[in-house]
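Here is the structure we will look at, set down as structure tokens.
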Amino acid sequence: MVVFTVSEKGLELRKTVEEISGQNIFQCYQCGKCSATCPVVDSMDVAPNKIIRYVQMGDLEVLDQNTFWVCAACFTCSARCPRSVDIAKIMEALRNVMLRNKQDFINIYSKEFIEKMIEEIPQMAIVAAIKKGVW
Numbered sequence: 213m214v215v216f217t218v219s220e221k222g223l224e225l226r227k228t229v230e231e232i233s234g235q236n237i238f239q240c241y242q243c244g245k246c247s248a249t250c251p252v253v254d255s256m257d258v259a260p261n262k263i264i265r266y267v268q269m270g271d272l273e274v275l276d277q278n279t280f281w282v283c284a285a286c287f288t289c290s291a292r293c294p295r296s297v298d299i300a301k302i303m304e305a306l307r308n309v310m311l312r313n314k315q316d317f318i319n320i321y322s323k324e325f326i327e328k329m330i331e332e333i334p335q336m337a338i339v340a341a342i343k344k345g346v347w
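Numbering (this note's numbering) for the sequence shown: 213 to 347.
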């Protein structure tokens, strides 16, 4: 029998993400529909469903990934989820956790980032960024 142990910080991260997002992390059963429909998944280190798994397991390595910074919050993943998990809210919660710890990963306002991403990001993601007031 395999037994997983979760560190105290891992449990705290999981609880914080659930509180901020208002989502039950364990509703996700890893079907991968969120990742399959994400317009910016190719720019992510780890697919969205795997990020959810990291959080479920209380794995702090989730905070080393760029996925939640790259997320366009277009809610395509949330609309496609058969379990009604709002993945976009979970990504936002992870960004909030990092910002609360005064850690930032990507300067989305830098000229280099914008020039690189303008060629790679689908129009839907750009529109979502404009709606969020990020662009």
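Glycine included, each C-beta is placed from N, C-alpha and C at the ideal position.
- Task: Verify whether the separation of the beta carbon atoms of residue 311 and residue 229 is less than 8 Å.
- Result: Their beta carbons are not under 8 Å apart, which means residue 311 does not touch residue 229 by this criterion.
ask   = Do residue 232 and residue 264 have their C-beta atoms closer together than 8 Å?
value = No; because the gap between Cβ atoms is not below 8 Å, this pair is not in contact.
Reduced DSSP secondary structure (H/G/I, E/B, other) of residue 241
In this structure, residue 241 counts as coil in the three-state DSSP scheme.
- Message: Just verifying my parser: in three-state terms, what is the DSSP assignment at residue 295?
- Response: Residue state, collapsed to three classes: coil.
Practice problem: Starting from the Cα of residue 247, find the closest Cα among 308, 286, 313 and give me that residue. | Solution: 286
How big is the Cα-Cα spacing for residue 222 and residue 250? The straight-line gap separating the alpha-carbon atoms of residue 222 and residue 250 is approximately 26 Å.
Exercise. Counting only the same chain and skipping the five closest in sequence on each side, list residues whose C-beta sits under 6 Å from that of residue 218.
Key: 270
Please report the residue range of the alpha helix (DSSP H) in which residue 260 lies. Annotation: the continuous alpha helix (DSSP H) that includes residue 260 extends over 260 to 269.
- Rounded to the nearest angstrom, how far is the Cβ of residue 235 from that of residue 298, given a contact under 8 Å? 6 Å
I need the DSSP call for residue 257, collapsed to helix, strand or coil.
Coil at residue 257, not helix or strand.
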